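Peer 1: So the sequence shown is numbered by this note's numbering: it starts at 1 and just counts up by one. A virtual CB, placed ideally from N, CA and C, is assigned to each residue, including glycine. Note that the structure is a prediction, hence the values are computed from the model and not measured.
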Amino acid sequence: MVEVTLRLDQIAALGRRPRGTAPVDTHRHIPGSVLRGALAASWIAQYGPPQQADPAARDHFLRLFEGQVRYGPLLDADSDVVPLSVLRCKYRPKKECEQFSCDQADPGRSARQPECDTCGGRTQSGRGEVEFFGVDDHIVQETHVRLDERERAEEGLLFTRRALRPRRDGVRRVFTGRIVTPPGEPVDPWLLQARPLRVGGRRSTAGGALYDAEDLPAPAPDPAFLVTKGCLIVRLISPAFLVDAAGRPTSRPDTGLLSELLGVDVTLDRAWVRRESIGGWNTLTNLPKPAELAVTAGSVFRLALGSTPTAEGLRRLLDHGLGLRRAEGFGWIALGPWRMPRPAAVQRTPQKEDMASGIARQVHDYLSEDSAWYLDKLHTCLTLRRRGQQPDLTFLESKRAEKLAGLRQGILERDLRALATGDLRMLEKAVAELQARVRKERSW
Ligand SMILES: [Zn+2]
């Protein structure tokens, strides 16, 4: 699995289809289709158009962009797609109202329609949009003179569009996400090279970004955490093209395929779905594709399972996704009930995260199955240190910590040692942050 970081260096207008004379809105994230298009453009800038390239280079292009490589949506850590099944306070008269959410798809919830637990007011369902939590999304509205095909100003025509600011709260805006490559094959080294990319509007002064990627082991989803009362919640975080056996658009996932991926019997228990019509872009011919009917991001399927799937089964489903055109950035899913991102829970340092936050994040993300165990061990080190004793580092030599040595060329292991023996405040902070992460647990 390839973990992608995209740092925005310029303002970016990630246009969405305008409605009438309304301003052209921007996406609040980098859709997988945009990431794929930007990388394909970068490949073409490097090697020339694939149609004219030699067969080996053309194959390389097709393998990367028209094959089984899947480009996922990139999100700001303080934002998420709010699913259609999630109720939030409608009018939010109090600041605390922002914190209220209830996922109706969660089988652990009561069936009763809830009220906001702060103001007691009415709730409304999520719209499947990317929203920011507790922070401003830093969208700007710009008015431009409309340009003709040769980028000359057309007389008297103004248009307004929204764009993402490159900085958010004084810090470069960073989006993260994943690229999934075919199982059992090494990751194409081309995908792991850092490179400048241009996203969104094609002006020379907009959309500049820095792409960086790392090949990491995919975190193992935890069946005990994700499956409740025999149900698994599948949330779409990008639109999906679902079709029935005859190839016609449908709003239900193929339960036969889901059973195959998960390795257990699957029936659809309940769905929260909306549909939209979406076009596309053929990177090879550089021509638009006709619009097709898709199920929107934020749609939710609650699956009833015959038995509990394995972590591998859940991973297979996550990597596979749902529906057609999955190589184009569609059909990405997350599992489990929706949880609101809580930016305030994680301390931020401007510019770059410090050692404590970095270690907490990495232990949580790369050692997800064992993150609670590492938390326990670090907590023991902290207790000993507070008593003025030496930290107990034997856990780093234990069988359970074996895979740590193979991760990130051993850097994380070295950092853990340095953390346990170094500045006590750093150790305190890392333990607190890892605790917060283990508690809130992201579902994918
Ligand atoms: Zn409220």
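Determine the burial state of D54: buried for a count of at least 16 other Cβ atoms within 10 Å of its Cβ, exposed for fewer.
Peer 2: Exposed: under 16 other Cβ atoms inside 10 Å.
Peer 1: Closer than 7 Å to a non-hydrogen atom of ligand 1 - does that hold for the CB of C102?
Peer 2: No; taking the cut-off as 7 Å, the Cβ of C102 has no heavy atom of ligand 1 nearer than that.
Peer 1: Under the criterion of a Cβ to heavy atom distance below 7 Å, does K95 qualify as lining ligand 1?
Peer 2: Result no, Cβ not under 7 Å from ligand 1.
Peer 1: Are the Cβ atoms of K90 and Q113 separated by less than 8 Å?
Peer 2: The answer is no: Cβ separation not under 8 Å.
Peer 1: Where R173 and R361 are concerned, what is the direct C-alpha to C-alpha distance, given to the nearest angstrom?
Peer 2: C-alpha separation (whole angstroms): 18 Å.
Peer 1: Which word fits P290, buried or exposed, when buried means at least 16 other C-beta atoms lie within 10 angstroms of its C-beta?
Peer 2: Looking at its Cβ environment, which holds fewer than 16 other Cβ atoms inside 10 Å, P290 is exposed.
Peer 1: For W190, name the three-state secondary structure that DSSP assigns.
Peer 2: It is helical.
Peer 1: Tell me whether G121 counts as near ligand 1, meaning its Cβ is closer than 7 Å to at least one heavy atom of that ligand.
Peer 2: Within the cutoff, so yes.
Peer 1: So if DSSP puts V81 in a beta bridge, which residue, or which two residues, is it bridged to?
Peer 2: Paired residue(s): V130.
Peer 1: Between which two residues does the alpha helix (DSSP H) containing C381 stretch?
Peer 2: Here the alpha helix (DSSP H) through C381 covers S371 to R386.
Peer 1: Going by other Cβ atoms of all chains shown within 10 Å of its Cβ, with 16 needed for buried, is V82 buried or exposed?
Peer 2: Burial call: buried.
Peer 1: Taking V4 as the reference, which of A13, D25 and R36 has the closest Cα?
Peer 2: Selected option, being the one with the closest Cα: R36.
Peer 1: Using a Cβ-Cβ cutoff of less than 6 Å, which residues in the same chain neighbour A372 once the five nearest sequence positions on both sides are dropped?
Peer 2: The residues are V438.
Peer 1: What residue range is occupied by the uninterrupted alpha helix (DSSP H) comprising S259?
Peer 2: Taken as a continuous stretch (DSSP letters only), the alpha helix (DSSP H) holding S259 covers T255 to L262.
Peer 1: Tell me the residue span of the beta strand (DSSP E) that contains W272.
Peer 2: Here the beta strand (DSSP E) through W272 covers V266 to W272.
Peer 1: Nearest to G121 by CA position, among S101, H138, K429 and V140, is which residue?
Peer 2: Of the listed residues, the one whose Cα sits closest to G121 is S101.
Peer 1: Assuming L261 and G313 make a contact with CB atoms under 8 Å, what is their CB distance in whole Å?
Peer 2: Confirmed, Cβ separation roughly 7 Å.
Peer 1: Please give me, in chain order, every unbroken run of the alpha helix (DSSP H) with length at least 4 that falls completely inside the region 16-95.
Peer 2: Counting whole runs of 4 or more residues, the region 16-95 contains the alpha helix (DSSP H) stretches 32-47 and 55-65.
Peer 1: Does the separation of the CB atoms of R275 and A294 fall below 8 Å?
Peer 2: Their beta carbons are under 8 Å apart, which means R275 touches A294 by this criterion.
Peer 1: Run through DSSP, which three-state label would K289 get?
Peer 2: Three-state DSSP puts K289 in a strand.
Peer 1: Report the rounded CA-to-CA distance for V187 versus D215, giving the unit in angstroms.
Peer 2: Roughly 7 Å separates the two Cα atoms.
Peer 1: Return the bridge partner residues of Q141 from the DSSP annotation.
Peer 2: In the DSSP output, where bridge partners are listed per residue, Q141 has R162.
Peer 1: Which one of L367, D222 and P341 has the shortest CA to CA distance from S79?
Peer 2: That would be P341, whose Cα lies nearest to the Cα of S79.
Peer 1: Could you tell me if E96 is buried or exposed, where buried requires 16 or more neighbouring beta carbons within 10 angstroms of its beta carbon?
Peer 2: Answer is exposed; the Cβ neighbour count stays below 16.
Peer 1: Using a Cβ-based criterion (distance less than 7 Å to any ligand heavy atom), does R92 qualify as near ligand 1?
Peer 2: Yes.
Peer 1: According to DSSP, simplified to helix, strand and coil, what is P223?
Peer 2: Reduced to three states, the DSSP call for P223 is helix.
Peer 1: How big is the Cα-Cα spacing for T26 and T205?
Peer 2: Using only the alpha carbons, I get a separation of about 17 Å.
Peer 1: Per the DSSP calculation, E214 is bridged to which residue(s)?
Peer 2: BP columns for E214 point to E3.
Peer 1: Evaluate I411 with the Cβ neighbour count: other Cβ atoms within 10 Å of its Cβ, from every protein chain shown; 16 or more gives buried, anything less gives exposed.
Peer 2: Per the 10 Å Cβ criterion, exposed.
Peer 1: Would you be able to state if there are at least three C-beta pairs under 8 Å between the region 322-338 and the region 395-407?
Peer 2: No, because fewer than three Cβ pairs between the region 395-407 and the region 322-338 fall closer than 8 Å, the two stretches do not touch.
Peer 1: Among T421, G306, R16 and L242, which one has its Cα closest to the Cα of S299?
Peer 2: Here the closest residue by C-alpha is L242.
Peer 1: Does the beta-carbon of T250, which I'm using as the reference point, lie nearer than 7 Å to any heavy atom of ligand 1?
Peer 2: Answer for T250: no, Cβ out of range of ligand 1.
Peer 1: P93 and P31: beta carbons closer than 8 Å?
Peer 2: Contact: no.
Peer 1: With a threshold of 16 other CB atoms inside 10 Å of the CB of D392, please say whether the residue is buried or exposed.
Peer 2: Exposed: under 16 other Cβ atoms inside 10 Å.
Peer 1: What three-state label does DSSP hand C116 in the structure shown?
Peer 2: C116: coil per DSSP, three-state reduction.
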